[in-house]
Structures are given as structure tokens and as C-alpha cells.
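Okay, so here's the structure we're looking at.
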Amino acid sequence: TQAQVAERLGRPQSFVAKYEGGERRLDVIEFLDVTAVLDADPCVILLSLR
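Going by full-length UniProt numbering, 3 is the number at position 3 of the sequence shown; the sequence numbering is gapless.
As C-alpha cells, this is what we get:
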């Protein structure tokens with residue numbers, strides 16, 4: 001859930017809600033932090049955007 005991801009990031013739930021809803025964008029460091037807590041490979045995600 002957003003609350004679980006936010007807790008693992010040490011951020012408020014609204015932070016997760018805003019980037020999921022397109023209200024804000026993640027910078028590179030934030031993107032890497034999110035992929036780490038989701039146990040996702042950032043390279044795979046970026047390559048899928050081609």
C-alpha cells in the first residue's frame with residue numbers, strides 16, 4: 001500500500017500519492033529509493049521505457 005511504501009521510505013503517505021497520481025515527479029535519487037524499497041531493478045524499469 002502507499003502507507004507501507006511511505007513508511008519504508010521515511011516519507012509521508014502523501015508523497016507516494018502525489019507521484020502515483022502524477023502531481024509530482026520523482027528525481028533520480030527518489031526514483032532509486034523507491035525502486036529499492038519495492039525490490040525492483042531501476043535499469044529494467046528504465047529500459048522498458050524505450
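Don't be surprised by glycine CBs; every beta carbon is placed ideally from N, CA and C.
query	result
For Leu-9 versus Val-44, is the C-beta distance shorter than 8 Å?	no
Short of 6 Å in beta carbon distance, which residues of its chain neighbour Ser-14, apart from the five on each side in sequence? Order them along the chain.	none
What would DSSP say about Ala-40, mapped onto helix, strand or coil?	coil
Assign Arg-25 to one of three DSSP states: helix, strand, or coil.	coil
In angstroms, rounded to a whole number, what distance separates the CA positions of Gly-22 and Val-34?	15 Å
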